[in-house]
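*Asks:* Numbering (this note's numbering), first residue to last: 1 to 382.
Note that CB positions come from ideal geometry on N, CA and C, so glycine has one too.
Starting off with a structure, shown below.
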Amino acid sequence: MKKTIVILLAVYLLSGCQTSQRFEIAGTIKNSNGELIYLDEIKTNDLETVDSTYIDKNGDFRFRGDMAIPKFFIIKTNQDNYITLLLNPGEKISIETNIKNIGFNYKLKGSKDSRIIQEYNTKLRENVNNLKELNEIFNDSINSPNIESIMMDLDKRSELIIKDQRDYTIKFIQKNKYSLVSLMALYQQLTPRNPVLDPLEDIQYFEMVDSTLYNLYPESEPVQALHSQVANLKIKFNREKLLAFGAIPPEIALSDPEGETITLSSTRGKIVLLDFWAAWCNPCRMENPNLVSNYAKYKQKGFEIYQVSLDRKREDWVSAIKNDHLEQWIHVSDLQFWKSVVVQQYQLDKIPTNFLLDREGKIIAKDVRGEALSEKLSEIFD
Numbered sequence: 001m002k003k004t005i006v007i008l009l010a011v012y013l014l015s016g017c018q019t020s021q022r023f024e025i026a027g028t029i030k031n032s033n034g035e036l037i038y039l040d041e042i043k044t045n046d047l048e049t050v051d052s053t054y055i056d057k058n059g060d061f062r063f064r065g066d067m068a069i070p071k072f073f074i075i076k077t078n079q080d081n082y083i084t085l086l087l088n089p090g091e092k093i094s095i096e097t098n099i100k101n102i103g104f105n106y107k108l109k110g111s112k113d114s115r116i117i118q119e120y121n122t123k124l125r126e127n128v129n130n131l132k133e134l135n136e137i138f139n140d141s142i143n144s145p146n147i148e149s150i151m152m153d154l155d156k157r158s159e160l161i162i163k164d165q166r167d168y169t170i171k172f173i174q175k176n177k178y179s180l181v182s183l184m185a186l187y188q189q190l191t192p193r194n195p196v197l198d199p200l201e202d203i204q205y206f207e208m209v210d211s212t213l214y215n216l217y218p219e220s221e222p223v224q225a226l227h228s229q230v231a232n233l234k235i236k237f238n239r240e241k242l243l244a245f246g247a248i249p250p251e252i253a254l255s256d257p258e259g260e261t262i263t264l265s266s267t268r269g270k271i272v273l274l275d276f277w278a279a280w281c282n283p284c285r286m287e288n289p290n291l292v293s294n295y296a297k298y299k300q301k302g303f304e305i306y307q308v309s310l311d312r313k314r315e316d317w318v319s320a321i322k323n324d325h326l327e328q329w330i331h332v333s334d335l336q337f338w339k340s341v342v343v344q345q346y347q348l349d350k351i352p353t354n355f356l357l358d359r360e361g362k363i364i365a366k367d368v369r370g371e372a373l374s375e376k377l378s379e380i381f382d
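Structural data, given as structure tokens:
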């Protein structure tokens, strides 16, 4: 699988004074016809060709080299026809396979870590093919009068396949957490949009591999990369916890158009819509009439709006407030555009964005607009 190649971490660059040892790869490829075969080292973000040779008339090839540290390689005839290896210094391995698809059903001896990778990739390939079969069934059934029930069945089967690969991967990592092969497992994908593990949702497994391997291989480049990633994940994870349902979001203390500081916490005791917008944001302006309508309906029952602008110019901000008839509720801004302090606090990457807070200031809904907001407020107040 092409995506298996690019794992963004799969080269071992332990620095130090290790003595180089010779490795050797000897292979026999059936049904070959003198093809050129490559030995590529998997770098952090790319592949680097280390050697190449022609397969001889008997189907044999051989690669030799020296290294002091374990490294990931692939042997390939092209980018879609390859075998992934994890070689340790001094290993002598043998491979038997078929030219049509060298990465399927190959026999490998002499490298324990490479065998472990083969086992994992065999399982991954099995489930990738299972998902492809479901997709083919869907395509064949698209015009069926029973398409809805077929889709429900396919969704259930798809979920089971995804869960199977996830469970297998977690056990694989736990079993091999002291081995660098666990790095590979962290980053595998069933489809380009379907990673087996999600870095945030499955942060504990990234932390497990990081804490183990960073102690064993602190000078390894991929281990250092993972360590840095986990540190960033922890920051993002902690921020997301602050914005989870039931959490009290970060305090905001910004100035209103008259220069008076108004805090978000000052609205406690009311149902509050914390809304991020700007005068230049057309979708925000289109939603404002809905806010006006709901505010008029529920203000007397304890509904408040705390609207934070990402504008740059005070005159644009104030003009939009007036033109959209928004004067009746709270407006604040530091007029710093996307450099506003709230952007990082609330992980804003788009506007409009909003949070609905209960009377204790806890998040009870996110990004509710239009009818969804009206329905939510009706549930609370009516």
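Measuring alpha carbon to alpha carbon, tell me which of Asn135, Asn143, Leu124 and Asn33 ends up nearest lysine 100.
*Replies:* If we check each option's Cα against that of lysine 100, Asn33 comes out closest.
*Asks:* Use the C-beta contact count for serine 52: other C-beta atoms within 10 angstroms, 16 or more gives buried, fewer gives exposed.
*Replies:* Serine 52 is exposed by the Cβ-count criterion.
*Asks:* If you drop the 5 nearest sequence neighbours on each side, which residues of the same chain put their C-beta closer than 7 angstroms to that of aspartate 367?
*Replies:* Once the five neighbours on either side are set aside, the close Cβ partners of aspartate 367 are Thr353 and Asn354.
*Asks:* Answer yes if the stretch 53–67 comes into contact with the stretch 127–146, meaning at least three C-beta pairs across the two stretches below 8 angstroms, and no otherwise.
*Replies:* Touching, no, given that fewer than three Cβ pairs across the two stretches are closer than 8 angstroms.
*Asks:* If you draw a straight line from the C-alpha of lysine 175 to the C-alpha of isoleucine 116, how long is it?
*Replies:* Cα to Cα, the separation comes out at about 11 angstroms.
*Asks:* Quick test of your reading: arginine 314 and leucine 335, contact by CB under 8 angstroms. State the CB separation rounded to the nearest angstrom.
*Replies:* Right, the Cβ-Cβ distance comes to about 6 angstroms (below 8 angstroms), so this counts as a contact.
*Asks:* Based on the DSSP output, what are the partners of threonine 191 in its beta bridges?
*Replies:* Looking at the DSSP assignment, threonine 191 forms a beta bridge with Asn194.
*Asks:* Just how far apart, CA to CA, sit alanine 278 and aspartate 316?
*Replies:* Distance between the alpha carbons of alanine 278 and aspartate 316: 9 angstroms.
*Asks:* What are the start and end residues of the beta strand (DSSP E) that includes valine 368?
*Replies:* Element bounds for valine 368: n/a, residue is neither H nor E.
*Asks:* Please classify glycine 302 as buried or exposed, where buried requires at least 16 other C-beta atoms within 10 Å of its C-beta.
*Replies:* By the 10 Å Cβ count, glycine 302 comes out exposed.
*Asks:* Using a Cβ-Cβ cutoff of less than 7 angstroms, which residues in the same chain neighbour proline 283 once the five nearest sequence positions on both sides are dropped?
*Replies:* Hits under 7 angstroms: Pro352.
*Asks:* Return the residue from the list Gln189, Glu207, Tyr217 and Ser255 that minimises the CA-CA distance to lysine 234.
*Replies:* Of the candidates Gln189, Glu207, Tyr217 and Ser255, the one whose C-alpha sits nearest the C-alpha of lysine 234 is Glu207.
*Asks:* In the DSSP assignment, the beta strand (DSSP E) including glutamate 96 goes from what residue to what residue?
*Replies:* Unbroken beta strand (DSSP E) run through glutamate 96: 92–98.
*Asks:* If I measure Cβ to Cβ from leucine 14 and keep anything under 7 angstroms in the same chain, skipping five residues before and after, which residues do I get?
*Replies:* Residue confidence is low: leucine 14 scores 30 on pLDDT, short of 50, so the model does not pin down where it sits. Its coordinate-derived value is still stated next. Excluding positions up to five away in sequence, the list reads Ile69, Tyr217, Glu219 and Ser220.
*Asks:* Can you have a look at proline 192 and say buried or exposed, based on whether 16 or more other CB atoms are within 10 angstroms of its CB?
*Replies:* Label assigned to proline 192: exposed.
*Asks:* Can you check which of these residues, Arg125, Ala365 and Leu87, is closest to leucine 108 by C-alpha distance?
*Replies:* Nearest C-alpha to leucine 108: Leu87.
*Asks:* For lysine 2, collect the residues of the same chain with a Cβ closer than 8 angstroms to its Cβ; drop the 5 residues on either side in sequence, then sort them by chain order.
*Replies:* Only weak support is given to the placement of lysine 2: the predicted model assigns it a pLDDT of 38, under 50, and the value that follows is read from those uncertain coordinates. Cβ within range, chain order: Gln79 and Asp80.
*Asks:* Taking just the CA atoms, how far does leucine 200 sit from aspartate 275?
*Replies:* If you take the alpha carbons of aspartate 275 and leucine 200, they lie about 26 angstroms apart.
*Asks:* With 16 other CB atoms within 10 Å as the buried threshold, where does isoleucine 137 fall?
*Replies:* Looking at its Cβ environment, which holds fewer than 16 other Cβ atoms inside 10 Å, isoleucine 137 is exposed.
*Asks:* What's the call for proline 289, buried or exposed, on a 16-neighbour Cβ count within 10 Å?
*Replies:* Proline 289 should be labelled exposed.
*Asks:* By DSSP, does glutamine 21 sit in helix, in strand, or in coil?
*Replies:* In this structure, glutamine 21 counts as strand in the three-state DSSP scheme.
*Asks:* Hey, how far is the Cα of asparagine 215 from the Cα of proline 222?
*Replies:* Going by the C-alpha atoms only, they are around 13 angstroms apart.
*Asks:* Are the Cβ atoms of threonine 97 and isoleucine 29 separated by less than 8 angstroms?
*Replies:* Closer than 8 angstroms, so yes.
*Asks:* Do you know how far the Cα of serine 182 is from the Cα of lysine 156?
*Replies:* Distance between the alpha carbons of lysine 156 and serine 182 is about 29 angstroms.
*Asks:* Apart from the five residues on each side of it in sequence, which residues of its chain come closer than 6 angstroms, Cβ to Cβ, to alanine 320?
*Replies:* Excluding residues within five positions, the ones whose Cβ falls inside 6 angstroms are Ala279.
*Asks:* Answer with buried or exposed for serine 410, where buried requires no fewer than 16 other C-beta atoms within 10 angstroms of its C-beta.
*Replies:* This structure cannot speak to residue 410, because the chain is shown only from 1 to 382.
*Asks:* Grab the span of the beta strand (DSSP E) containing arginine 64 for me, first residue to last.
*Replies:* From DSSP, the beta strand (DSSP E) with arginine 64 extends over 60–67.
*Asks:* Apart from the five residues on each side of it in sequence, which residues of its chain come closer than 6 angstroms, Cβ to Cβ, to threonine 49?
*Replies:* Cβ neighbours of threonine 49 beyond the five flanking positions: Tyr38 and Asp40.
*Asks:* Taking the straight line between their C-alpha atoms, what separation do you get for proline 249 and glutamine 347?
*Replies:* Rounded to the nearest angstrom, the two C-alpha atoms are 11 angstroms apart.
*Asks:* Does serine 20 have its Cβ less than 8 angstroms from a Cβ in chain B?
*Replies:* Judged by its chain identifiers, the structure shown contains no chain B, having just a single protein chain.
*Asks:* Looking at leucine 373 and tyrosine 298, is the spacing between their C-beta atoms short of 8 angstroms?
*Replies:* Not a contact, by the Cβ cut-off of 8 angstroms.
*Asks:* Sort Gly269, Ser309 and Asp164 by Cα distance to glutamine 300 and report the nearest one.
*Replies:* Per the Cα distances, Gly269.
*Asks:* Hey, alanine 247 and isoleucine 363: beta-carbon distance below 8 angstroms or not?
*Replies:* It is a contact, given that the beta carbons lie within the stated cut-off.
*Asks:* Please state if the CB of valine 332 and the CB of serine 266 are separated by a distance shorter than 8 angstroms.
*Replies:* No, these two residues do not count as a Cβ contact at 8 angstroms.
*Asks:* Taking the C-alpha atoms as reference points, what is the distance between tyrosine 12 and serine 340?
*Replies:* Reliability fails at tyrosine 12, whose pLDDT of 32 lies under 50, so the model's placement of it is uncertain and the value that follows must be treated cautiously. Near 41 angstroms, if we compare the C-alpha coordinates of serine 340 and tyrosine 12.
*Asks:* Which residues mark the beginning and the end of the alpha helix (DSSP H) in which aspartate 167 is found?
*Replies:* Looking at the DSSP string, the run of the alpha helix (DSSP H) that includes aspartate 167 is 147–175.
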